[in-house]
Amino acid sequence: MTISGVNTRELILEILLQIEEEGEHSHIAIRNALSKYQFLPKKERAFITRVCEGTLEYRIQIDYILDSFSKVTVDKMKPAIREILRSAVYQLKFMDSVPDSAVCNEAVKLAQRKGFYNLKPFVNGVLRTVIREMGNLKYPEKEEDIVSYLSVKYSMPKPLVIRWLNDYGEETTEKMLADFLTEKPLTVRCRTYKYASEEVKKSLENQGVTVEPAPYLPYAFQISNFNHILTLDAFIKGQIQVQDVSSMLVAEIAAPKKGDYVIDLCAAPGGKSLHMGDKMEGYGVVDARDVSDYKVGLIEENIQRTETINVQAKVQDATVFDVESECKADIVLADVPCSGYGVIGKKPEIKYRVTAQKQEEIVILQRTILSRAAEYVKSRGTLIFSTCTIAKEENEENMMWFLKNYPFKLESLDPYLPEELHSETTALGYLQLLPGVHKTDGFFIAKFRRK
Numbered sequence: 092m093t094i095s096g097v098n099t100r101e102l103i104l105e106i107l108l109q110i111e112e113e114g115e116h117s118h119i120a121i122r123n124a125l126s127k128y129q130f131l132p133k134k135e136r137a138f139i140t141r142v143c144e145g146t147l148e149y150r151i152q153i154d155y156i157l158d159s160f161s162k163v164t165v166d167k168m169k170p171a172i173r174e175i176l177r178s179a180v181y182q183l184k185f186m187d188s189v190p191d192s193a194v195c196n197e198a199v200k201l202a203q204r205k206g207f208y209n210l211k212p213f214v215n216g217v218l219r220t221v222i223r224e225m226g227n228l229k230y231p232e233k234e235e236d237i238v239s240y241l242s243v244k245y246s247m248p249k250p251l252v253i254r255w256l257n258d259y260g261e262e263t264t265e266k267m268l269a270d271f272l273t274e275k276p277l278t279v280r281c282r283t284y285k286y287a288s289e290e291v292k293k294s295l296e297n298q299g300v301t302v303e304p305a306p307y308l309p310y311a312f313q314i315s316n317f318n319h320i321l322t323l324d325a326f327i328k329g330q331i332q333v334q335d336v337s338s339m340l341v342a343e344i345a346a347p348k349k350g351d352y353v354i355d356l357c358a359a360p361g362g363k364s365l366h367m368g369d370k371m372e373g374y375g376v377v378d379a380r381d382v383s384d385y386k387v388g389l390i391e392e393n394i395q396r397t398e399t400i401n402v403q404a405k406v407q408d409a410t411v412f413d414v415e416s417e418c419k420a421d422i423v424l425a426d427v428p429c430s431g432y433g434v435i436g437k438k439p440e441i442k443y444r445v446t447a448q449k450q451e452e453i454v455i456l457q458r459t460i461l462s463r464a465a466e467y468v469k470s471r472g473t474l475i476f477s478t479c480t481i482a483k484e485e486n487e488e489n490m491m492w493f494l495k496n497y498p499f500k501l502e503s504l505d506p507y508l509p510e511e512l513h514s515e516t517t518a519l520g521y522l523q524l525l526p527g528v529h530k531t532d533g534f535f536i537a538k539f540r541r542k
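Per my numbering, residue 92 is the first one in the sequence shown, and the count goes up by one each step.
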């Protein structure tokens, strides 16, 4: 399929190779490709996005299908052929809009265009067998092998399935795995300190956007049916900020007062910092820090677009002690780098990049940042610790480690949360949100008060 000189399936192949071979994040690889070819019609852009995201999300199930019908196993294939076959199987299994014969023909042509003339019969043979036999394929049975069943059905690597079965049990694990594969609308925060929700909603609807209330918070909307956020007046004018509800809860729980001094240690792209600034109604200062010029640039873009006057951005490594900040902050936000398991639904490549070593390194990094954060909180001040993961060693275990080593105590979250989120743990001072169980990303928040 070629539009204005761009072969869409070749573009899909380039994106998938970039993610798989070069380690690029999926949302960045897709965004960069679509920005480069902005002239592509909406339908083509949607097709490219869907095939790339779907091929990634369902990779384990797709590989199971390919390994059942191909003499050469997926791990032995050349990278380009592997991705051509994966994206073709995704279209055959999950997309009715493209005829099977067209999927097969386009894949064979693409193999030739990429210089694999001698592998055309192989690509053709495998896909024709898949088309013919896929309906008869036997998948792992739940009763016989729960781990293989969940892994193949929901395309989740076995080590993660085993981890979550141990931590959360069968029912919750299956709910989470199903939720990761569910498409969701974009969530935005309406900046009610400056703009009335109704006025913002009207502006979005006037541009044909579908606007629904998001769960838990009255100023959060879920929006869909638009081509690009950058074309929406409400976004251009700084009336809305893209942010998941789980992340909005951080500012609710932090509960800043007008005039507070807030340090946000790992702030990019700035959603929580801006939310804190809005909650303080333009008073006080939010010191939004991150590790690189690029990340600070993202925060500054958002500050300028929203014309926020009480948030300032600067480059500062959260692992390095900043003597000038010692005991100065009323509130410190430590939304630390994490494994990201809670947002696999948005960034599916995360699930394929898990290693035990990376997990250990992340825990050490988190503890280093928490140690620094503790030193910036003034007496009786607040420290909010948060992550976008559901891994216990990064969340509850780090929280217990911190309480044992620093002069802080937990403080109840219940006064700041909607009643439906109240639980035994929120009364103690922490909240673990789980995808599929709660109506948000997977996210962890703990509130510490300095003694």
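Glycine included, every Cβ here is placed at the ideal spot set by N, Cα and C.
In this text the structure is predicted, and so the values were computed from the model without any measurement.
Three-state class that DSSP yields for residue i in the structure shown
i           : result
residue 439 : helix
residue 171 : helix
residue 432 : helix
residue 509 : coil
residue 209 : helix
residue 223 : helix
residue 94  : Any reading at residue 94 must be qualified, since the residue scores a pLDDT of 49, below 50, and its modelled position is unreliable; the value itself is stated next. Residue 94 falls in the strand class under three-state DSSP.
residue 118 : helix
residue 163 : coil
residue 398 : coil
residue 366 : helix
residue 303 : strand
residue 100 : helix
residue 313 : strand
residue 250 : helix
residue 326 : helix
residue 522 : strand
residue 553 : What the structure shows of the chain is the stretch from 92 to 542, and residue 553 is not part of that stretch, so it cannot be assessed.
residue 469 : strand
residue 532 : coil
residue 138 : helix
residue 376 : strand
residue 499 : strand
Counted within 10 angstroms of its Cβ, other Cβ atoms place residue i as buried (16 or more) or exposed
i           : result
residue 444 : exposed
residue 310 : buried
residue 305 : buried
residue 152 : buried
residue 478 : buried
residue 193 : exposed
residue 224 : exposed
residue 367 : buried
residue 321 : exposed
residue 129 : exposed
residue 491 : exposed
residue 95  : For residue 95, the pLDDT reaches just 49, beneath the cut-off of 50, and the residue's location in the model is therefore unreliable, although a value from the coordinates is still provided. Under this definition residue 95 is an exposed residue.
residue 455 : exposed
residue 412 : exposed
residue 440 : buried
residue 475 : buried
residue 472 : buried
Nearest to residue i (by Cα), restricted to the options the options
i           : options            : result
residue 480 : 234, 185, 105, 437 : 437
residue 277 : 426, 315, 148      : 315
residue 319 : 288, 306, 333, 307 : 333
residue 607 : 259, 162, 187      : This structure leaves residue 607 out entirely; the chain is present only between 92 and 542.
residue 532 : 299, 434, 424, 298 : 434
residue 244 : 255, 328, 232      : 232
residue 280 : 516, 247, 236, 339 : 339
residue 353 : 361, 379, 373      : 379
residue 172 : 528, 325, 208, 425 : 208
residue 202 : 175, 457, 155      : 175
residue 392 : 328, 513, 410      : 328
residue 246 : 228, 301, 156, 150 : 150
residue 530 : 506, 482, 308      : 308
residue 258 : 105, 302, 376, 488 : 488
residue 226 : 159, 114, 240, 298 : 159
residue 238 : 521, 229, 255, 482 : 255
For residue j and residue i, believed in contact at Cβ under 8 Å, the rounded distance
i           : j           : result
residue 282 : residue 408 : Actually they are not in contact, since the Cβ atoms of residue 282 and residue 408 sit about 30 Å apart, beyond 8 Å.
residue 499 : residue 463 : About 14 Å separates the two Cβ atoms, so there is no contact after all.
residue 60  : residue 374 : One cannot answer for residue 60 here, as it falls past the ends of the chain, which runs 92 to 542.
residue 523 : residue 539 : The Cβ separation is near 16 Å, so there is no contact.
residue 204 : residue 111 : Not a contact, Cβ separation roughly 19 Å.
residue 457 : residue 429 : 7 Å
residue 107 : residue 143 : 6 Å
residue 544 : residue 355 : The question about residue 544 has no answer, for the chain in this structure spans 92 to 542.
Cβ pair count under 8 Å reaching 3, the stretch 412-421 against the stretch 394-404: no
Sufficient close CB pairs (3 or more, under 8 Å) joining the stretch 177-185 to the stretch 213-222: yes
Segment contact, 8 Å Cβ cut-off, at least three pairs: the stretch 194-210 with the stretch 131-141: no
The stretch 282-297 contacting the stretch 256-274, beta-carbon criterion three pairs below 8 Å: no
Segment contact, 8 Å Cβ cut-off, at least three pairs: the stretch 335-349 with the stretch 249-266: no
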